[in-house]
C-alpha cells in the first residue's frame, strides 16, 4: 500500500469514527433531554425485562394489564393480549442483552428496577444501531459512488431529524434500518467475483433474516435484491448457490414461524381473527403493489422477449434527440409533480422557513388523512437535501447500473411499500432514509462535477455558489428541526 493510499485510509477511518461518535453523543444526550416515553417504548423495555427472567416469555399481557389499572376502561388493541407479541422478538432480545451488559458492570439490579433505569439501558440498542448505520452508510456510498458522496450522505445522516429522533427512542425501527442497509451492502460485496461469492450470499441472507426477525417488513428488502440482480446480473439466478440468500433468510425466521404455527396454527399465516390486523394490512399493501405493477412489469417482460427474439428491429426507428435528454424528462416530471401538488405546494414552501415547526402529536392516527406523498413531503420539509435524492434516478447512467441502481431500488421498495401500507408515521419510513441520503450525496457531487466542466467562468461561479448555498441551507434547516424536535425529544407522531 502506497503512502497516499495509507494516509487516505487513515483519514477515512478517522472521519467515520468522528461521525459515529457525534451521532452517538447527540442521540444519547437527546434521550435524556426528554421526559416522556411512548407506550411502545415502555412496552419493549418491560417485555425485555420479562425475557430476562424467562426467555420464552414474549408477550404484552402483563404490561398491558398493569397499564390498564391506572386507566380502567381504556380500549386497547387485541394484539396486546395475544400469547405471542405481534412483532418478532429480536429487538427485545437485544434489549435483554443490554440489561445483561449493564448488570455485568454493576449498573443493573433485576431486583431493584425503576422505569427510568430500564429505559436508559434499553435505549442503548437504538443509539448504537443508529451510530453503526452512520458508519455503514459511509461504506455503502463509498463503494458505490465515491468518497465525496459518502461524506455528504454520512454527515447528513448524523443530523437527519427522522433518524435522530428514532434512534434516541426505544423503537425497533433503528435496528430494522441497520439490518435493511447491511444486507444489500453485503450482497454487493459478492459482485467482486463474476459468479458471485457464496459467503456474501449467505451473510446477506442471514442479515435479511435478522431484519425480518426485528420486524416483518424487513423481508421486503429481498425483493429489492431480486430486482437489482435481475437488472444487473441475471445469470446469478441460474446458479444454485444464489439460493443461499433466501434460504439463509428463512433459516433465521423458521424458529419464530414454527412457534407461531404451534400457538396459532394457520391463522398466523393468513392473518385470521383478532390480533392479526398488521399481517392483514401487510398483505393489503403487497396486493396494491402487485396490482399496480402487473401492467408495467408485463410490458417490460414482453418488450425484453420481443427484442431477444429479434421480432422487431429498432435500428430503423429514429428516436428524437430531445426524448433522449434526461434533463427534459426531469423537467417534465417536475411539472407533473407541481400539478399534482396543486395548492399544497405553497404549504410545503412555507414550511421551509427557519421559524417553522412541523406539526407533531401524541394522538394516534394523527396523519391518517394525509395524501399518498406524505413521506416524500415530510422528509423534504425536515431536510431539503432530500430534493437531490428525488432527482437522482434521472442522473444515474444505465451503463453504470451494476452498483448505481442499488440505492434507488432499496429506497424505492421501502417508500412504495409504506405508502401502500398507509398509517403514516415518519418512523416507518426510516429504512429508506440511508438510501435516500446516499442518492442525495451522489446527486450533489454529480451536479458539482458537471458545473465544474463548464467553460463559462461567471456562469460556473454562479451555479456553484447556488448549489452549495442550497446545501448549506438544507444543513441549517435540518439543524433547526433538530433543535425543536430531536434535541428536545418531545414528539411521538411527527
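In this note's numbering, the protein residues as written are 12 to 505.
Heads up, the beta-carbon is just placed ideally off N, CA and C, and yes, glycines get one too.
For residue 177, the enclosing alpha helix (DSSP H) covers residues 172-177. Using a 10 angstroms sphere on the CB of residue 472, the tally of other CB atoms stays under 16, which defines it as exposed. Here the C-alpha atom of residue 101 lies approximately 6 Å from the C-alpha atom of residue 224. Nearest to residue 63 by alpha-carbon distance, out of 84, 50, 105, 28, is 105.
Annotated three-state conformation of residue 372 is strand, per DSSP.
DSSP places residue 156 in the coil class of the three-state scheme, outside both helix and strand.
In the DSSP assignment, residue 239 falls within the alpha helix (DSSP H) that extends over 232-243. Burial state of residue 438 is buried, judged by a 10 Å Cβ sphere holding 16 or more other Cβ atoms. Of the residues 209, 238, 61, 140, the one whose Cα lies closest to the Cα of residue 423 is 238. Residue 179 is classed as buried because its beta carbon has at least 16 other beta carbons within 10 Å across all chains shown. Secondary structure at residue 69: coil, using DSSP grouped into helix, strand and coil. Less than 8 Å divides the Cβ of residue 407 from the Cβ of residue 415. Apart from the 5 residues on each side of it in sequence, residue 387 sits with its Cβ closer than 8 Å to the Cβ of 397, 401, 426 in its chain, given in chain order.
Residue state for residue 504 is assigned as strand, using DSSP reduced to three classes.
Taking all protein chains in view, the Cβ of residue 172 is crowded by 16 or more other Cβ atoms within 10 Å, so the residue is classified as buried.
For residue 296, same chain residues with a beta-carbon under 7 Å away, outside a window of 5 residues either side, are 428, 431, 432 in chain order. Contact check for residue 35 and residue 138: beta-carbon distance about 6 Å, within the 8 Å limit, so the pair qualifies. With respect to residue 89, residue 227 sits apart: the two C-beta atoms are not nearer than 8 Å. Residue 37 and residue 206 have their C-alpha atoms some 43 Å from each other. When secondary structure is reduced to three states using DSSP, residue 421 falls in the helix class. As the crow flies, the alpha-carbon of residue 166 is around 30 Å from that of residue 373. Contact annotation: the segment 203-217 does not touch the segment 78-87, with fewer than three C-beta pairs closer than 8 Å. Taking residue 474 as reference, the option from 487, 46, 455, 489 with the minimal CA-CA separation is 455. Nearest to residue 251 by alpha-carbon distance, out of 441, 209, 379, is 209. Taking C-alpha positions only, residue 243 is separated from residue 412 by approximately 7 Å. The three-state reading of DSSP puts residue 362 in coil, since its state is none of H, G, I, E or B. Beyond the five residues adjoining it in sequence on each side, residue 364 comes within less than 8 Å, by CB distance, of no other residue in the same chain. Here residue 381 has 435 as same chain residues with Cβ atoms under 6 Å from its own Cβ, once five neighbours each way along the sequence are excluded. Inside the segment 25-61, DSSP marks no whole beta strand (DSSP E) run of 3 or more residues. Proximity of the segment 123-130 to the segment 47-66 meets the contact definition, three or more beta-carbon pairs being nearer than 8 Å.
Counting along the chain, residue 91 sits inside no alpha helix (DSSP H), nor does DSSP assign it H or E at all.
DSSP, reduced to helix, strand and coil, places residue 467 outside both helices and strands of the structure shown, so it counts as coil. Rounded to whole angstroms, the gap between the alpha carbons of residue 141 and residue 175 is 8 Å.
Around the beta carbon of residue 419, a 10 Å sphere encloses 16 or more other beta carbons of the protein chains shown; the residue is thus reported as buried. The alpha-carbon of residue 151 is positioned some 14 Å away from that of residue 442.
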